[in-house]
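The next block holds one structure in the form of structure tokens; read it before the comments.
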Amino acid sequence: MLFDWLMSTDLNTVPVDHPAQKQALADLASALECDTDVMASTEEELAAAREDVARDMGW
1 MLFDWLMSTD
11 LNTVPVDHPA
21 QKQALADLAS
31 ALECDTDVMA
41 STEEELAAAR
51 EDVARDMGW
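According to full-length UniProt numbering, the sequence shown is numbered sequentially starting from 1.
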């Protein structure tokens with residue numbers, strides 16, 4: 001779910017206090033893409049992950 005957000009977000013619009021924060025987000029996206037099988041996730045798996053994460057948030 002985090003990878004999906006990182007890939008669909010324009011990092012230039014994310015408020016940061018230091019350029020290193022933006023670079024850290026880009027590095028995280030790259031690491032998730034290269035070091036996990038996140039690219040093989042289906043839309044159904046992504047939807048299920050969203051539900052799991054949001055379940056106990058109280059929003």
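For every residue, glycine included, the Cβ atom is placed at its ideal position computed from N, Cα and C.
Taking 6 Å as the limit between beta carbons, can you name the residues of its chain near aspartate 56, skipping five residues before and five after? none
If you check the beta carbons only, do leucine 32 and methionine 1 fall under 8 Å apart? Not closer than 8 Å, so no.
Counting pairs of beta carbons, one from the region 36 to 45 and one from the region 14 to 27, are three or more of them closer than 8 Å? no
Three-state secondary structure (DSSP) at threonine 42? Coil at threonine 42, not helix or strand.
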